[in-house]
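Worksheet: one structure, shown below.
Below is the structure:
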């Protein structure tokens, strides 16, 4: 069996490699799955000392890209509470976690950012909203033969500063949920089974960039920016948004 302490001493700078490659190898040699919580703590400690040079390089690259386009929205916002992205991804833990493969930092993929915001526009805004009236122009259309690219370019949401934490959920009916023969009822006398999972902590700062592919009216551009702030502050990104996860606010000035 691979000792978790030995893993803690292995020097792999890229956190994505730690999470996706080294830790799954470690699980195969475990005889007790309760040791996963120890691996999770080691993982959090490793991530706590993120490579500042990589983050700086990532942000500088973003600066160059933004300078090449007309920007619609380019803001730094901080998490109000926890943020969970990629919880459904395959993982040795109960919940997955999304890391940028080359840089090893947590991020929100552009596809998730665009998809969540377009859903917000389609489902939450009034029919007379300029964004809803120009929905096809802004987000594009790929459902029929008349495919068009949207006027908006959504970039990956990247971190500026961040810290990680561990949250917990208690499963009170594990025997019921794991009973394949349907012989057990969801009784309240079962012992709760705590499940730990990795989260991005409150106060972490991320950069949101939306650029312009096609020329837009200033009024429409301002409307997109306004609704992005509303969307990120009230609806959020990632998992468990109904519990307050994934919401963002203006960066507090120190």
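Residue numbers (this note's numbering): 1 to 254.
Each residue gets a CB set at the ideal place from its N, CA and C atoms; glycine is no exception.
Contacting residues, own chain, Cβ-Cβ under 8 Å from residue i (five flanking each side not counted)
i           : result
residue 162 : 50, 105, 106, 200, 201, 204, 205 and 206
residue 120 : 227, 231 and 235
Burial state of residue i, where buried means 16 or more other Cβ atoms lie within 10 Å
i           : result
residue 239 : buried
residue 111 : exposed
residue 147 : exposed
residue 67  : exposed
residue 96  : buried
Residues near residue i in its chain [Cβ-Cβ closer than 6 Å; skip 5 each side]
i           : result
residue 28  : Note that residue 28 has pLDDT 46, beneath the 50 cutoff, so the model's placement of it is unreliable and no number is given.
residue 224 : 72
residue 244 : 81
Under the three-state DSSP convention, the category residue i falls into
i           : result
residue 249 : strand
residue 98  : coil
residue 31  : In this prediction, residue 31 has a pLDDT of 47, which is less than 50 and means its spatial position is unreliable; what the coordinates show is noted afterwards. Three-state result, residue 31: coil.
residue 187 : coil
residue 237 : coil
Cβ distance (whole Å) where residue i is taken to contact residue j below 8 Å
i           : j           : result
residue 70  : residue 212 : 4 Å
residue 118 : residue 155 : Wrong, their Cβ atoms sit about 15 Å apart, outside the cutoff.
Same chain, Cβ closer than 7 Å to residue i, neighbours up to 5 away in sequence not counted
i           : result
residue 151 : 137, 138, 212, 213, 214 and 216
residue 88  : 96
residue 174 : 190 and 193
Where the beta strand (DSSP E) containing residue i begins and where it ends
i           : result
residue 208 : 205 to 212
residue 164 : 164 to 171
residue 302 : Here the chain has residues from 1 to 254 only, and residue 302 is not among them.
Residue i: first and last residue of the uninterrupted alpha helix (DSSP H) it sits in
i           : result
residue 160 : Not the alpha helix (DSSP H): residue 160 falls in the beta strand (DSSP E), residues 158 to 161.
residue 120 : 110 to 124
residue 130 : 130 to 133
residue 66  : 52 to 67
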